[in-house]
Structure formats: structure tokens, C-alpha cells
Amino acid sequence: MGEGYGFQCTNCGKYYEANVGRGMDYERLYESALLDIRSEKYGKKLKAAYEQYENKVTIDPELVVYICPKCGNWKNQRDFTLYEQGSGKILRKYERKCGKCNEKMRKASTKELMKLSCPKCHCAPDAVFPTNLIMWD
Ligand SMILES: [Zn+2]
Ligand SMILES: [Zn+2]
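In terms of my numbering, the sequence shown opens at residue 27 and continues consecutively.
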């Protein structure tokens, strides 16, 4: 089951959501994540790393929110950490840099998930509030 957080910006009125988790159709999530890796949607480096481990690699593409600890910019996407099949050992940690200030992003904590800033007007996180919890799958 996946969880969603819905927000209504008190400044500009924009409604936005963030979804986390794996959902029910994990197979589809997995397949589409592989497609994205192969099509270089998330970069050449990720594809190259994946192919380097091709026969022993697996992924756990749950949806996460990456947040910039410096400016609060966030991105809702899958986790592309590469694991070794069987052992679960991390072969390559997936890291994202903030598109705004180039700081290394990290996974948002539950507390941070409740205060994601508005993607339109970037108002301070305390000016927004989650309107509801959504089960997205
Ligand atoms: Zn706003
Ligand atoms: Zn940033």
C-alpha cells in the first residue's frame, strides 16, 4: 500500500500531492523503473551502473520524496538504489542533487513529508498543511 499526502497552499491556493511507498502493483512499478533506467531517463551513469551489474542486480523502486536540507526543494520519484540479488547488499546508492542549489538531497522524514513547500510559490513550509492522507493504490 502506498501513502499520499495532499496539500493546499495557503498562499497561492495550489493543490499538490506527494506519494510514497510501493503500492499494490509492485511488478508494474518495478518494470517501469527498469524502463526508465534503460532509457536513461535518470541519467547515463545510472544506466551504465545498472548494466555493469546486469546479472546480479535488483532494485526496490519504492516512491520516495527527496528533499534538499538546505533550501527545502523536493522531488517525488522512485528510489534507484542498486542492490545485489539475494544478499541485498547495496551496490550503488542512488543520490540526487538539488536542482536549485546543488546540495545533496536525502529522503524526507515523516515529519518533513507533512510540511512540503509549495512547488509553485515556494512559500515557507509552515504555510502549508496536509489536507488528507490518500491511499494511492
Ligand atoms: Zn503556493
Ligand atoms: Zn536545494
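Glycine included, C-beta positions come from ideal geometry on N, C-alpha and C.
Straight across, the Cα-Cα distance linking residue 100 with residue 123 is about 10 Å. When the beta-carbon positions are compared, residue 108 and residue 87 stay at least 7 Å from each other.
For residue 42, the three-state secondary structure derived from DSSP is strand.
In this structure, the alpha-carbon of residue 148 lies about 31 Å from that of residue 65.
A straight line joining the alpha-carbon of residue 31 with that of residue 38 spans about 18 Å. For residue 34, there is no enclosing alpha helix (DSSP H); the enclosing beta strand (DSSP E) covers residues 28-35. Residue 92 carries a strand assignment under DSSP once its states are collapsed to helix, strand and coil. The shortest CA-to-CA distance from residue 143 to any of 28, 42, 29 is the one to 42. Note on residue 74: under 16 other CB atoms within 10 angstroms of its CB, so exposed under the neighbour-count rule.
For the options 90, 84, 125, the alpha carbon positioned closest to that of residue 118 is the one of 84. C-alpha of residue 45 to C-alpha of residue 152: approximately 20 Å in a straight line. In its chain, beyond the 5 residues on either side, 92, 93, 95 have a beta carbon closer than 8 Å to the beta carbon of residue 132. One thing to note: residue 104 has its Cβ no nearer than 7 Å to the Cβ of residue 150.
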